[in-house]
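Contents: one structure, followed by commentary.
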Amino acid sequence: MHHNLVDAGRPLFLCRSASCKAPQSVAATASAGGMSQPRRPVDFAAATPYLVHDTFRAMSCITKQIAHLDLDCFFVSVERIKDPSLRGKPVAVGGAPGGRGVVASASYEARAFGVRSAMASSRALRLCPQLILVRSRHHEYGEISERLATRMEEIAPVVERASIDEFYLDFTGCESLYQNNLAGFMHSMQKMVADEFSLPCSIALATTKTLAKIAVGTVKPNGVCVIPPGNEESFLAPLPIGVIPGVGAKTEALLTRRGFRTIADLQAQSEEHLCALLGASGGWLHAVAHGRGSDTVSVEHTRKSISREETFAKDLRAIPELEGELRTLVEDVCATVREKGWRARTIQLKLRYADFTTITRARTIDPTDDDPVIFDTVQSLFRAAYDREQAVRLLGVHLSNFDDAAQMELPLNPQRQHREELLKAVDRIRAKFGDDVIHVGGA
DNA sequence: TCTGGGGTCCTAGGACCC
DNA sequence: TCTGGGGTCCTAGGACCC
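Numbering (the numbering used here), first residue to last: 1 to 443.
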């Protein structure tokens with residue numbers, strides 16, 4: 001993702017990425033008409049010789065064919081499978097309405113009332129009193145997303161899981177496997193997702209990831225959009241700059257102040273001018289406005305950080321209580337790290353006060369996955385940082401800078417081995433009986 | 001309006017090293 | 001007496017995404 005275009009009004013860097021919010025304006029999309037469905041499903045094992053052939057072709061001809069598949073209000077759609085009575089109604093999945101929850105996903109019926117994701121649930125209910133709020137079941141959504149990705153890997157050559165509800169598929173050079181009718185195949189794929197998973201989705205096909213993502217936003221929900229090569233600039237021109245993934249509220253405000261409204265306004269500027277405004281990120285923005293950008297769909301992805309945080313139902317001040325919360329967060333996050341077989345080097349505490357000011361404090365130590373070691377570090381960071389005048393709204397523990405334990409491991413000494421087994425056993429007990437039944441003591 | 005939780009990436013500035 | 005230059009690592013903060 002590219003972020004940080006703007007910091008305190010100053011232009012900063014922008015990196016590469018692809019993800020974006022839904023655009024408001026819908027450009028004429030060159031959807032291929034009269035498309036026929038492929039006659040048979042593609043068997044990729046059998047197709048390998050073609051793939052090799054097509055890969056060479058793809059390398060020599062530059063034009064990519066990248067699809068972006070985006071599940072429409074995914075969490076709500078999953079809840080509607082479980083409870084069909086939610087169909088056609090304003091529904092939001094999210095946190096407790098009485099507490100401090102926010103909306104994670106809103107149905108299009110709810111969006112008509114102005115309900116948006118990340119909005120406080122209480123505000124959503126004021127905007128739409130008949131709104132049905134459903135508690136989020138993230139685990140379930142993750143499993144369905146996983147199954148869908150696996151299914152897509154059977155019918156598309158290269159699949160990147162961009163998020164729980166977004167996927168990129170690279171069809172470059174494989175047109176012949178789809179009867180030279182990729183546009184038609186987009187519709188087949190959409191139908192497959194509807195038939196086999198009961199999930200609505202939107203799909204766009206374009207020459208870069210960023211463009212496909214922008215395009216899909218113009219046809220949601222339940223749309224298909226194909227941008228034929230060569231039509232990138234004219235497609236983008238009328239869209240507002242805010243649809244570009246990486247241009248968030250701050251950057252949009254900065255650009256608006258400078259008189260930019262549509263992507264056409266960006267296209268009219270030289271790269272130098274945009275760089276003068278935004279620093280090096282201006283170059284990236286210039287490329288995206290002209291329909292260029294990241295076109296590498298990559299299959300594998302390694303996590304760079306693992307974190308847990310919790311906003312309390314009521315602000316807390318008592319130190320034993322706060323440290324108890326920290327202990328739970330540490331145990332949680334450590335279990336995940338051990339599951340992966342990793343060890344973290346950088347341990348970060350996050351502290352948000354009642355007035356929403358947020359600080360982070362980090363320390364880098366020898367690689368570890370050991371609860372007490374990490375807890376001691378977090379506790380000392382907390383004791384040094386906590387301003388006792390203020391009540392605490394949120395605490396978080398964030399681990400990063402991983403050493404792959406399997407990779408770096410020298411043979412374990414017996415003590416270390418014993419410790420590993422102890423920690424794993426504790427994880428199993430916690431998983432079975434709950435987090436509070438057992439804690440690990442010092443090494 | 002009153003702001004979740006999980007991430008990614010980027011910047012600046014300082015420490016430290018050669 | 002006035003102050004190099006490049007590189008890397010670490011920390012804090014922030015923009016942005018779903």
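Heads up, the beta-carbon is just placed ideally off N, CA and C, and yes, glycines get one too.
All values derive from a computational prediction rather than experimental measurement.
Assuming Leu501 and Leu205 form a contact by the criterion Cβ under 8 Å, report the distance between their Cβ atoms to the nearest whole angstrom. In the structure as shown, the chain starts at 1 and stops at 443, and residue 501 therefore has no counterpart that could be examined.
What does the Cβ neighbour count give for Asp70, buried or exposed, with the cut at 16 atoms within 10 Å? As a working note, residue 70 is residue 70 in the first sequence. Asp70 comes out buried.
For a quick check, are the C-beta atoms of Glu109 and Val93 less than 8 Å apart? If you number the first sequence from 1, residue 109 lands on position 109. If you number the first sequence from 1, residue 93 lands on position 93. Not closer than 8 Å, so no.
What does the Cβ neighbour count give for Pro129, buried or exposed, with the cut at 16 atoms within 10 Å? As a working mapping, residue 129 is identified with position 129 in the first sequence. Pro129 should be labelled exposed.
Does Phe356 pass the burial test, meaning 16 or more other C-beta atoms within 10 Å, or should it be called exposed? Counting from one through the first sequence, the residue named residue 356 turns up at place 356. Counting of Cβ neighbours within 10 angstroms places Phe356 among the exposed residues, the total staying below 16.
Could you check how far apart the C-beta atoms of Gln267 and Ala237 are, in whole angstroms? I think they sit under 8 Å. Residue numbering aside, residue 267 sits at position 267 when the first sequence is read from its first letter. Residue numbering aside, residue 237 sits at position 237 when the first sequence is read from its first letter. Contact holds; Cβ gap of about 6 Å.
When the distance is taken between beta carbons, is Phe75 closer than 8 Å to Ser136? Residue 136 sits at position 136 when you count from the first residue of the first sequence. Residue 75 sits at position 75 when you count from the first residue of the first sequence. In this structure, Phe75 lies closer than 8 Å to Ser136 by Cβ.
Starting from the Cα of Glu389, find the closest Cα among Phe402, Arg327 and Ala318 and give me that residue. For the purposes of this step, residue 389 is taken as the residue at position 389 of the first sequence. In terms of Cα proximity to Glu389, the closest of Phe402, Arg327 and Ala318 is Ala318.
Does the stretch 270-289 come close enough to the stretch 364-374 to have 3 or more Cβ pairs within less than 8 Å? Of all C-beta pairs linking the stretch 270-289 to the stretch 364-374, fewer than three are shorter than 8 Å, placing the two stretches out of contact.
CA-CA distance, Ala118 and Asp170? Your numbering for residue 118 matches position 118 in the first sequence. Your numbering for residue 170 matches position 170 in the first sequence. About 31 Å.
Across the stretch 82-98 and the stretch 201-220, are there enough close Cβ pairs to call them in contact, namely three or more that are closer than 8 Å? Touching, no, given that fewer than three Cβ pairs across the two stretches are closer than 8 Å.
Please go through the same chain and pick out, in chain order, the residues whose beta-carbon is closer than 7 Å to the beta-carbon of Gly223, but skip the five residues on each side of it. As a working note, residue 223 is residue 223 in the first sequence. Closer than 7 Å at the Cβ level, and outside the excluded window around Gly223, lie Ser202.
Measure the C-alpha to C-alpha separation of Gly101 and Arg308 and round it to an integer number of angstroms. Within the first sequence, the letter at position 101 stands for residue 101. Within the first sequence, the letter at position 308 stands for residue 308. Going from the Cα of Gly101 to the Cα of Arg308 covers about 16 Å.
Three-state class that DSSP yields for Thr63 in the structure shown: On the first sequence, residue 63 is found 63 positions in, with the first residue counted as 1. Residue state, collapsed to three classes: coil.
Could you tell me which of Arg111, His138, Leu395 and Phe197 sits nearest to Thr150, measuring between CA atoms? The residue given as residue 150 occupies position 150 in the first sequence. Shortest Cα-Cα distance from Thr150 to any of Arg111, His138, Leu395 and Phe197 involves Phe197.
State yes or no: is the C-beta of Val193 within less than 8 Å of the C-beta of Ile214? In the first sequence, counting from the first residue as 1, residue 193 sits at position 193. In the first sequence, counting from the first residue as 1, residue 214 sits at position 214. Result no, Cβ atoms of Val193 and Ile214 do not sit closer than 8 Å.
What number of angstroms, rounded off, separates the C-alpha of Lys220 from the C-alpha of Gly88? Along the first sequence, one-based indexing puts residue 220 at 220. Along the first sequence, one-based indexing puts residue 88 at 88. Distance between the alpha carbons of Lys220 and Gly88 is about 16 Å.
Distance, Lys314 Cα to Pro90 Cα: Residue numbering aside, residue 90 sits at position 90 when the first sequence is read from its first letter. Residue numbering aside, residue 314 sits at position 314 when the first sequence is read from its first letter. Distance between the alpha carbons of Pro90 and Lys314: 29 Å.
Quick one: give me the first and last residue of the beta strand (DSSP E) that Ser298 is part of. For the purposes of this step, residue 298 is identified with residue 298 of the first sequence, where counting begins at 1. Looking at the DSSP string, Ser298 is not in any beta strand (DSSP E), and its letter there is neither H nor E.
Look up Gly324 in the DSSP assignment and say whether it is helix, strand or coil. Taking the first sequence and counting its residues from 1, the one referred to as residue 324 is at position 324. In the three-state scheme derived from DSSP, where H, G and I count as helix and E and B as strand, Gly324 is classed as helix.
Check each candidate in Glu160, Glu272 and Ala354 and name the one with the smallest Cα separation from Leu395. Within the first sequence, the letter at position 395 stands for residue 395. Comparing Cα-Cα distances from Leu395 to each of Glu160, Glu272 and Ala354, the minimum goes to Ala354.
Restricting to Cα atoms, I'd like to know which of Ile62, Cys174 and Ala104 is closest to Ala155. For the purposes of this step, residue 155 is taken as residue 155 along the first sequence, with counting starting at 1. A quick correction: the sequence has Ile, not Ala, at residue 155. Of the listed residues, the one whose Cα sits closest to Ile155 is Cys174.
Grab the span of the alpha helix (DSSP H) containing Leu184 for me, first residue to last. Numbered from its first residue, the first sequence carries residue 184 at position 184. Reading off the sequence shown, one finds Gly at residue 184, where the question assumed Leu. Leu182 to Phe197 is the extent of the alpha helix (DSSP H) around Gly184.
Boundaries (first-last residue) of the alpha helix (DSSP H) holding Thr210: Indexing the first sequence from 1 puts residue 210 at position 210. Looking at the DSSP string, the run of the alpha helix (DSSP H) that includes Thr210 is Lys209 to Val219.
Sequence-distant residues of its chain with Cβ nearer than 6 Å to Leu329 (five each side left out): The count along the first sequence starts at 1 and reaches residue 329 at position 329. Only Arg308 and Val397 meet the Cβ criterion.
Is the Cβ-Cβ distance between Thr360 and Asp295 less than 8 Å? As a position in the first sequence, residue 360 is number 360, starting the count at 1. As a position in the first sequence, residue 295 is number 295, starting the count at 1. In this structure, Asp295 does not lie closer than 8 Å to Thr360 by Cβ.
Which residues in the same chain as Ala30 place their Cβ atom closer than 7 Å to its Cβ, once the five residues preceding and following it in sequence are excluded? Within the first sequence, residue 30 is the residue found at index 30, counting from 1. Below a pLDDT of 50, predicted positions are generally treated as unreliable, and Ala30, at 28, falls in that range; no measurement from the model is reported.
Looking only at its chain, what residues have a beta carbon closer than 7 Å to the beta carbon of Arg126, apart from the 5 residues adjacent to it on each side? Here residue 126 corresponds to residue number 126 of the first sequence, with the count starting at 1. Correct list: empty, nothing qualifies.
Beta-ladder partner(s) of Pro240, from DSSP: Working through the first sequence from its first residue, we reach residue 240 at position 240. Residue pairing by DSSP puts Pro240 in a beta bridge opposite Thr262.
Grab me the residues of Ile81's own chain with a C-beta within less than 7 Å of its C-beta, minus the 5 sequence neighbours each way, in chain order. In the first sequence, the residue the question calls residue 81 occupies position 81. Answer for Ile81: Ser198, listed in chain order.
What number of angstroms, rounded off, separates the C-alpha of Ser77 from the C-alpha of Glu153? The residue you call residue 77 lines up with position 77 of the first sequence. The residue you call residue 153 lines up with position 153 of the first sequence. In a straight line, the C-alpha of Ser77 is about 22 Å away from that of Glu153.
Please determine, among Arg292, Ile347, Thr368 and Val378, the residue with the shortest C-alpha to C-alpha distance to Arg327. For this step, residue 327 is matched to residue 327 along the first sequence. Residue Val378 is the option with its Cα nearest to Arg327.
In the DSSP assignment, find the alpha helix (DSSP H) that holds Val172 and state where it starts and stops. Along the first sequence, read from residue 1 onward, the residue named residue 172 stands at position 172. What sits at residue 172 in the sequence shown is Thr, not Val. It is not in any alpha helix (DSSP H) - Thr172 carries neither H nor E in the DSSP assignment.
Taking C-alpha atoms, which residue in Gly291, Leu322, Asp265 and Gln348 lies nearest to Ile306? As a position in the first sequence, residue 306 is number 306, starting the count at 1. Comparing Cα-Cα distances from Ile306 to each of Gly291, Leu322, Asp265 and Gln348, the minimum goes to Gln348.
In three-state DSSP terms, what is Gly396? By 1-based counting over the first sequence, the position of residue 396 is 396. For Gly396, the three-state secondary structure derived from DSSP is strand.
Supposed contact pair Thr346 and Thr364 - C-beta distance, whole angstroms, cut 8 Å: Residue numbering aside, residue 364 sits at position 364 when the first sequence is read from its first letter. Residue numbering aside, residue 346 sits at position 346 when the first sequence is read from its first letter. With a Cβ gap of about 5 Å, Thr364 and Thr346 count as contacting.
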